[in-house]
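These notes concern the structure reproduced below.
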Amino acid sequence: MDPTYPPEADVYREKVQGFLAEHLPAGWRGIGSLERDQVEEFTRSWRATLGEHGYLASSWPTEYGGPGLTALEQVILAEEFQRAGVPLGGTNDVFSIQMVGNTILQWGTDEQKRHFIPRILSGEDIWCQGYSEPNAGSDLGNLGCRAVLDGDEWVINGQKIWTSAGHLANWIFVLTRTDPDAGKHKGITFLLCPMDQPGVEVRPIKMISGESEFNEVFFTDARCPKENVVGEVNGGWAVAMTRLGYERGEAAATFPLMFRTELDRLMALATTSGATADPRIRQRLAWCHSKVEIMRYLGLRTLTQFLNGHQPGPEAGTFKLYWSEYHKAVSELAVDILGAEAMTPRGRWPASSFQTDDPGAPNDSASWVGTFFNARAGTIYAGSSEIQRNIVGEMVLGLPKEPRGDGGSWRDRQGARS
Ligand SMILES: Cc1cc2nc3c(=O)[nH]c(=O)nc-3n(C[C@H](O)[C@H](O)[C@H](O)COP(=O)(O)OP(=O)(O)OC[C@H]3O[C@@H](n4cnc5c(N)ncnc54)[C@H](O)[C@@H]3O)c2cc1C
Numbered sequence: 003m004d005p006t007y008p009p010e011a012d013v014y015r016e017k018v019q020g021f022l023a024e025h026l027p028a029g030w031r032g033i034g035s036l037e038r039d040q041v042e043e044f045t046r047s048w049r050a051t052l053g054e055h056g057y058l059a060s061s062w063p064t065e066y067g068g069p070g071l072t073a074l075e076q077v078i079l080a081e082e083f084q085r086a087g088v089p090l091g092g093t094n095d096v097f098s099i100q101m102v103g104n105t106i107l108q109w110g111t112d113e114q115k116r117h118f119i120p121r122i123l124s125g126e127d128i129w130c131q132g133y134s135e136p137n138a139g140s141d142l143g144n145l146g147c148r149a150v151l152d153g154d155e156w157v158i159n160g161q162k163i164w165t166s167a168g169h170l171a172n173w174i175f176v177l178t179r180t181d182p183d184a185g186k187h188k189g190i191t192f193l194l195c196p197m198d199q200p201g202v203e204v205r206p207i208k209m210i211s212g213e214s215e216f217n218e219v220f221f222t223d224a225r226c227p228k229e230n231v232v233g234e235v236n237g238g239w240a241v242a243m244t245r246l247g248y249e250r251g252e253a254a255a256t257f258p259l260m261f262r263t264e265l266d267r268l269m270a271l272a273t274t275s276g277a278t279a280d281p282r283i284r285q286r287l288a289w290c291h292s293k294v295e296i297m298r299y300l301g302l303r304t305l306t307q308f309l310n311g312h313q314p315g316p317e318a319g320t321f322k323l324y325w326s327e328y329h330k331a332v333s334e335l336a337v338d339i340l341g342a343e344a345m346t347p348r349g350r351w352p353a354s355s356f357q358t359d360d361p362g363a364p365n366d367s368a369s370w371v372g373t374f375f376n377a378r379a380g381t382i383y384a385g386s387s388e389i390q391r392n393i394v395g396e397m398v399l400g401l402p403k404e405p406r407g408d409g410g411s412w413r414d415r416q417g418a419r420s
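Laid out in structure tokens, this is it:
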């Protein structure tokens, strides 16, 4: 682990700081300081500003419209944006740029790159991820959404669930079962499907907060062109698995900063409310402090690998496990500090369900109660804690593999289940 950046980092950092100073309003305190109904409009215009000045899709080469940054520059950019409290892209860009965009760049045909990549950057195509199904979450290889070739088109029938921001998207990358007689990981195909058609129905799911950020997506004879396969027909499992490695360098750099800012807010809340008079609260705050410091070192380890040109492997699962479990604990502490006020939350609710509330958000009870709800999801999405522990146990520590019973065709296994 090498926690120091080379001197050229400072030069690029100043450039990014100059850009932020020029393009953010005077007195800017972070996107959390905006009213909730202003967040979407700000994010849209900020994304356009990033596109105009070549800051969008920071890991993409110039030939595909990205800025062609080095790994170090990508990390500096992400750190400075985190400090300034502005996003690196639009609401769906985690799916559009980081997931499907990177997947097309790695696996797509020249024609797919020429067609889809500019449309992702312009925002014309907005993507969501159709992987999980009611019977296929952690055991994703069990998915049953069917796709059958009919002339020049794939015809898709089945259901996806937990499709984040699916109601904002006009395209979905969807894992489909194309050969039910092959083994469960072998008959899967990765398809690019337009959502603006009668065969695709999006039904929002209401969350405990009362909001709807994710959806069920139903396919009834939905169609996409034959050539919208990424990778090989029946080879979609390999395509779906490779995308999981992207952008981990960025998370390793920014998450410790994000959780430090959040903990500083909680310290301020505890101090002003008088909760710090309680030695048990002080003890728990000190525990959180040491956790965030350890997270910083864990991040630096991943970052060192990333800056040396290695995509973090299965050991990055430790980082995901660590921050998501920590976040449940710190948000529980926040609710304990609020006490009875947590039952009647007031003020501004978080605008997004992922990780912490946005930088600059007021230190309101609604902010912390919303964060408490959201933190429950962190140990589920992108691989639950139990699955991360399995990955770390089997692939990092070399412990014996858990029995899987994956033999036989997918179709036979469905019969065996019923
Ligand atoms: C906020 C949020 C956003 C999401 N967004 C998307 C999205 O955009 N697109 C998408 O496709 N999916 C999305 N998901 C779905 C997510 O990927 C799944 O919820 C996740 O993979 C877990 O699957 P499951 O919910 O079916 O739970 P299950 O797989 O049924 O797991 C239930 C419980 O059993 C445990 N478990 C399962 N298998 C094992 C095992 N082998 N060993 C030990 N324990 C095990 C799990 O850890 C969990 O505690 C999202 C989920 C959330 C919470």
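Under the working numbering, the residues of the sequence shown are numbered 3 to 420, in order. Glycine included, C-beta positions come from ideal geometry on N, C-alpha and C.
C-alpha distance - residue i paired with residue j, whole-angstrom precision
i       : j       : result
Thr-273 : Phe-118 : 51 Å
Lys-330 : Arg-378 : 6 Å
Glu-203 : Leu-170 : 13 Å
Leu-58  : Tyr-328 : 30 Å
Gln-19  : Val-77  : 14 Å
Ser-275 : Ser-214 : 32 Å
Met-3   : Ser-292 : 19 Å
Gly-125 : Gly-251 : 24 Å
Gly-380 : Gly-153 : 42 Å
Tyr-14  : Asp-266 : 27 Å
Leu-484 : Trp-30  : What the structure shows of the chain is the stretch from 3 to 420, and residue 484 is not part of that stretch, so it cannot be assessed.
His-312 : Arg-415 : 38 Å
Ala-240 : Val-232 : 10 Å
Ser-140 : Ala-11  : 39 Å
Arg-38  : Phe-44  : 10 Å
Leu-309 : Gln-40  : 36 Å
Lys-403 : Ile-382 : 21 Å
Asn-230 : Gln-357 : 33 Å
Glu-42  : Thr-6   : 36 Å
Arg-179 : Phe-97  : 21 Å
Leu-399 : Gly-410 : 29 Å
Gly-212 : Val-176 : 27 Å
Gln-307 : Gly-315 : 10 Å
Pro-405 : Glu-396 : 12 Å
For residue j and residue i, believed in contact at Cβ under 8 Å, the rounded distance
i       : j       : result
Pro-352 : Ser-369 : 6 Å
Pro-258 : Gly-319 : No, Pro-258 and Gly-319 are not in contact; Cβ-Cβ is about 17 Å, not under 8 Å.
Leu-145 : Trp-173 : About 19 Å; that fails the 8 Å criterion.
Ala-384 : Leu-305 : With 8 Å as the limit, Ala-384 and Leu-305 do not qualify as a contact, their Cβ atoms being about 19 Å apart.
Trp-325 : Phe-261 : 7 Å
Ala-270 : Asn-365 : 6 Å
Phe-21  : His-55  : 7 Å
Gln-100 : Thr-244 : The Cβ separation is near 13 Å, so there is no contact.
Ile-207 : Glu-218 : 6 Å
Proximity of residue i and residue j at Cβ, strictly below 8 Å
i       : j       : result
Ile-158 : Glu-135 : no
Glu-155 : Pro-227 : yes
Val-371 : Val-337 : yes
Gly-160 : Cys-130 : no
Ala-184 : Asn-137 : no
Thr-191 : Ala-242 : no
Gly-87  : Asp-360 : yes
Thr-165 : Gly-201 : no
Lys-188 : Asp-408 : no
Ser-60  : Leu-79  : yes
Specify whether the segment 42-54 and the segment 87-101 touch according to this definition: at least 3 beta carbon pairs, one from each stretch, less than 8 Å apart. yes
Count the C-beta pairs between the segment 310-319 and the segment 382-394 that are closer than 8 Å, then say yes if the count reaches three, no if not. Contact between the segment 310-319 and the segment 382-394 is present, because at least three Cβ pairs lie under 8 Å.
Whether or not the segment 60-70 and the segment 105-122 are in contact is what I'm after, with contact meaning three or more pairs of Cβ atoms, one per stretch, closer than 8 Å; do they touch? yes
Report yes or no: do three or more beta-carbon pairs, one from the segment 280-289 and one from the segment 341-356, lie closer than 8 Å? no
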